[in-house]
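J.:
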Amino acid sequence: MTVKRASANELQPVRAGSLRAWAVAVRPRSLLVAISPVLVGGTLGFARQGAIDLLATLLVLGAALLMQVITNMQNDVGYTVRGGERSGTRTGLPRATANGWLSVRHVRAGIVAVALVATALGLALVAYRGWPVLAIGVSSLLAALAYMGGPKPIAYTPFGELTVFVFFGLMAVMGTDWVLTGNVGAVSALASVAIGSLAAAALAVNNHRDIAHDRLVGRRTFAVTFGEAGSRRLFTALLFLPFMLLAPMLAWGHSPGLVLPLLLLPAAWRLRHDFVTCPRGTAFNEVLFSTFRLELWFAALLSAGALLGRMGG
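Going by the working numbering, the letters in the sequence shown line up with residues 1249 to 1561, in that order.
1. Which value, in whole angstroms, describes the spacing of the CA atoms of Ser1266 and Asn1455?
2. Could you tell me the alpha carbon to alpha carbon distance between His1461 and Arg1520, rounded to whole angstroms?
3. On a Cα-Cα basis, can you pick out the residue from Arg1263, Arg1275, Leu1292, Val1281 that is closest to Gly1553?
4. Using 8 Å as the limit for Cβ to Cβ distance, is Ser1351 near chain B?
5. Under 8 Å, do Ala1273 and Leu1350 count as touching if we go by C-beta distance?
6. Between Ser1503 and Ala1515, what straight-line distance do the alpha-carbon atoms span, to the nearest angstrom?
7. In angstroms with no decimal places, state the Cα-to-Cα distance between Leu1498 and Ala1442.
8. Is it true that the segment 1306-1325 meets the segment 1390-1401, where meeting means three or more beta-carbon pairs spaced less than 8 Å apart?
9. Work out the CA separation of Met1559 and Ala1471 for me, nearest whole Å.
10. Are Leu1494 and Val1507 closer than 8 Å when you measure CB to CB?
11. Considering only their Cβ atoms, is the gap separating Val1374 from Leu1365 smaller than 8 Å?
12. Does Glu1409 pass the burial test, meaning 16 or more other C-beta atoms within 10 Å, or should it be called exposed?
13. For Val1524, I'd like the list of residues in its chain whose CB is within less than 8 Å of its CB, leaving aside the five on either flank, ordered along the chain.
14. In whole angstroms, give me the CA-to-CA distance for Thr1367 and Leu1512.
15. With DSSP as the reference, label Thr1405 as helix, strand or coil.
In structure tokens:
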């Protein structure tokens, strides 16, 4: 695997309270996890019905991005408050609060501010589609806060990947389709499993990378609970399940373009090889970013295939 060298900007110290410090807490590169399900849900809904509301689509995308931002900031501050950085053995991405670049108080205030904006977008969608949207929004917000918050955070259990699978896959894709069209198509249901699998695969990379540190600080992630071999099997299953679902998507959707993501299969094989052979340490971060990119490309090709089918039909 080729490990990218850090850029000159990445090597510069982060100034406390700066925009770069906030970027560390927000983690913009992880926002692909929020974009992919909305892209897929919206496109499949359009391909099935021939029209969607553009304003509602933008509201859904905005709410999804804000939920990911809340999750990232809560993860940053929650881990610091629980003392997860104190052992000095973690090799993951830096945390703004742990490094003193942002105060816990300021990040918590940021979480409240972002949550208020997300709530405003959610209320607009409630007016558009009704009270079930409120249930989706509230449960998503609670999951975002509970991932690294509360007396027993989800991140300290083996259910982190499952939580991501549900909220960034099943609920995000099918929820987007339902909000925009009023129903959920069979292809959207299958696609929600595919996108959720790839989103969960990204978290599996995180937890596999940090297995030694997490065991030391008392985090019982899936990787810690089932060991490195179990973690490798989980990542492999999550990585290739989406490709296995393309055949039933084709059968239900009657559009040959839906198998376009098969073009990514060689990249998935390389990614799995990189995951297995990657040396311990920060090199795993590039595997993480590659998983984010694979998910977005899978979503883009699946969406393009659905649109081609619509145009051909």
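Cβ atoms here follow ideal geometry from the backbone N, Cα and C, with glycine treated the same way.
No experiment lies behind these values; they were computed from the predicted model shown.
T.: On the basis of the coordinates in this document:
1. Going by the C-alpha atoms only, they are around 28 Å apart.
2. 22 Å
3. Leu1292
4. In the structure shown, chain B cannot be found, because there is only a single protein chain.
5. yes
6. 23 Å
7. If I take the Cα positions, the gap works out to 14 Å.
8. Counting Cβ pairs under 8 Å, three or more are found: they touch.
9. 44 Å
10. yes
11. In the sequence as presented, Leu is not what sits at residue 1365; that position holds Val. Contact flag unset, no.
12. buried
13. Arg1480
14. CA-to-CA, the gap between Thr1367 and Leu1512 works out to about 36 Å.
15. coil
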